[in-house]
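K.L.:
Structure below; questions to follow.
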Amino acid sequence: MKQLNLLNETREEETIRFIQEHEPPEGYFLGFSGGKDSVVMYDLAKKSGAKFQAYYADTGIDPPELVKFIKENYPDVIFLKPHLTRKRKFPNWKGTRSFFGMIQACGYPTRINRWCCNVLKKDPSKNIPLKHRLMGIRAEESAARANRPRIDYFKNYKQWLYKPIFFWLEWEIWEYIENNNLLYCSLYDEGFDRLGCVVCPFHSYKLHQKHKEHWPKYFVAFEKAMKKLFDNYLYVKDPRSGAINYSIRVHTFEDFLENWYKGI
Numbered sequence: 072m073k074q075l076n077l078l079n080e081t082r083e084e085e086t087i088r089f090i091q092e093h094e095p096p097e098g099y100f101l102g103f104s105g106g107k108d109s110v111v112m113y114d115l116a117k118k119s120g121a122k123f124q125a126y127y128a129d130t131g132i133d134p135p136e137l138v139k140f141i142k143e144n145y146p147d148v149i150f151l152k153p154h155l156t157r158k159r160k161f162p163n164w165k166g167t168r169s170f171f172g173m174i175q176a177c178g179y180p181t182r183i184n185r186w187c188c189n190v191l192k193k194d195p196s197k198n199i200p201l202k203h204r205l206m207g208i209r210a211e212e213s214a215a216r217a218n219r220p221r222i223d224y225f226k227n228y229k230q231w232l233y234k235p236i237f238f239w240l241e242w243e244i245w246e247y248i249e250n251n252n253l254l255y256c257s258l259y260d261e262g263f264d265r266l267g268c269v270v271c272p273f274h275s276y277k278l279h280q281k282h283k284e285h286w287p288k289y290f291v292a293f294e295k296a297m298k299k300l301f302d303n304y305l306y307v308k309d310p311r312s313g314a315i316n317y318s319i320r321v322h323t324f325e326d327f328l329e330n331w332y333k334g335i
């Protein structure tokens, strides 16, 4: 953590200054996921003295160990729960807060149609008036993130997104955690290098299997919801003509599910 910039500042000092320089009068919205980056982001925001309120998007499909970690160690974090309604398509449906229930209304999530990211993570915070948002996003995590600026403005939402630890490397995150005696979720010590939704279309087939072994109940509920969707909407037989409406390229649920796990 002794790396210095042109102003002879360490990573920590520069990051704290960044937070202080952009602090709005009403304070920040701090997006908190419970992961290692969020833990560091939260601690730096505290050190900066800036006003902020931390929020956690309670998707309902995060690891229970992660949710427990947040509740036990960050009691001031506000949990935001999703709520989905579809009045036109489902006139008698009162909505749901469950990801598994949402599959019936939105379809199965894919890498292209990732409705779950919007409904579970972004939409619940839309009505919160704090428009200046701190996020623990790092450029090192992906090429797509690296190509974005450190400060983003989203015109549709009228929101500013600040990424104070954008240039931090993973080893710097862990070094900061160790040097400051910060607690972190136990899942990292069990071999999980990134935490988040247990069921996700971006996961590899191998990671799906690892998650399935660790959190089988989530996958029982997921596969049940997928079977219901397949039977009621994707593979439907016309009772009059006997014709089958193939909305997908496979004819059995087992093949359909296997393809989803493989990202096909």
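For the sequence shown, my numbering assigns the number 335 to the last residue and increments by one with no breaks. C-beta: ideal position from N, C-alpha, C; glycine also.
1. Following the continuous beta strand (DSSP E) through residue 150, name the residue where it begins and the one where it ends.
2. Which residue wins for smallest C-alpha separation from residue 151, given the options 292, 193, 220?
3. Might you give, ordered along the chain, the residues of its own chain that have their beta carbon closer than 7 Å to the beta carbon of residue 244, omitting 5 neighbours on each side?
4. Are the region 179–187 and the region 195–210 in contact at 8 Å, needing three or more beta carbon pairs?
5. Mapping DSSP to helix, strand and coil, what is residue 216?
6. Is the CB-CB distance between residue 256 and residue 105 below 8 Å?
7. What whole-angstrom Cβ distance do residue 90 and residue 116 have, given they're in contact under 8 Å?
8. With burial defined as no fewer than 16 other Cβ atoms inside 10 Å of the residue's Cβ, what is the status of residue 331: buried or exposed?
9. Of the residues 84, 99, 114, which one's Cα is nearest the Cα of residue 248?
10. Is the beta carbon of residue 178 within less than 7 Å of some heavy atom of the ligand ATP?
11. Counting pairs of Cβ atoms below 8 Å between the region 201–209 and the region 233–240, do you hit three or more?
12. Please go through the region 107–147 and give each complete beta strand (DSSP E) segment of 3 or more residues, from N-terminal end onward.
13. Use the C-beta contact count for residue 242: other C-beta atoms within 10 angstroms, 16 or more gives buried, fewer gives exposed.
P.N.:
On the basis of the supplied data:
1. 149–151
2. Its Cα nearest to that of residue 151, the residue 193 stands out among 292, 193, 220.
3. 107, 108, 111
4. Counting C-beta pairs closer than 8 Å gives fewer than three between the region 179–187 and the region 195–210, which falls short of the contact rule.
5. helix
6. yes
7. Between residue 116 and residue 90 the Cβ distance is about 6 Å, and since that is below 8 Å, they are a contact.
8. buried
9. 114
10. By its list of ligands, the structure shown contains no ligand whatsoever, and the ligand ATP lies outside what it can speak to.
11. yes
12. 123–128
13. By the C-beta density criterion, residue 242 is exposed, having fewer than 16 other C-beta atoms within 10 angstroms.
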